[in-house]
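**Q**
Residue numbers (the numbering used here): 151 to 258.
Here it is, written out as structure tokens:
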């Protein structure tokens, strides 16, 4: 292989790598655009927001019937496990499920 062939090969490999990067970028943008309303409305229409915050938090009797714990017991357990259940936001998970929501689902 002479010097010219090596240069041509080098340029072709660089172009192929650039094409791969462009393709990956395009694919990741498509993934970000795919938002199901089920997930985007979780903060306003989700299980925790409607049932727990809307109905059970202000009614101690219903709260106890639902979780088999009173609010103080629930808060005590939540304080014990919050660090273990906390997930920091990332590029892919912008609003992770809160420790309170995770505990509520686990106890139910």
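C-beta atoms are modelled at their ideal positions from N, C-alpha and C, and glycine is treated no differently.
Nearest-angstrom Cα distance between residue 258 and residue 242?
**A** As a first step, residue 258 is located in the chain shown; it is residue number 108 there, counting from the start. As a first step, residue 242 is located in the chain shown; it is residue number 92 there, counting from the start. Residue 258 and residue 242: Cα-Cα distance of roughly 28 Å.
**Q** What's the C-alpha gap between residue 157 and residue 240?
**A** By one-based count along the chain shown, residue 157 stands at place 7. By one-based count along the chain shown, residue 240 stands at place 90. Distance between the alpha carbons of residue 157 and residue 240: 41 Å.
**Q** To the nearest angstrom, report how far apart residue 152 and residue 236 are at their CA atoms.
**A** Looking up residue 152 in the chain shown gives position 2. Looking up residue 236 in the chain shown gives position 86. Approximately 59 Å, taken between the alpha carbons.
**Q** Nearest by alpha-carbon distance to residue 254: which of 155, 228, 164 is it?
**A** Stepping through the chain shown from its first residue, residue 254 is reached at position 104. Residue 228 is the option with its Cα nearest to residue 254.
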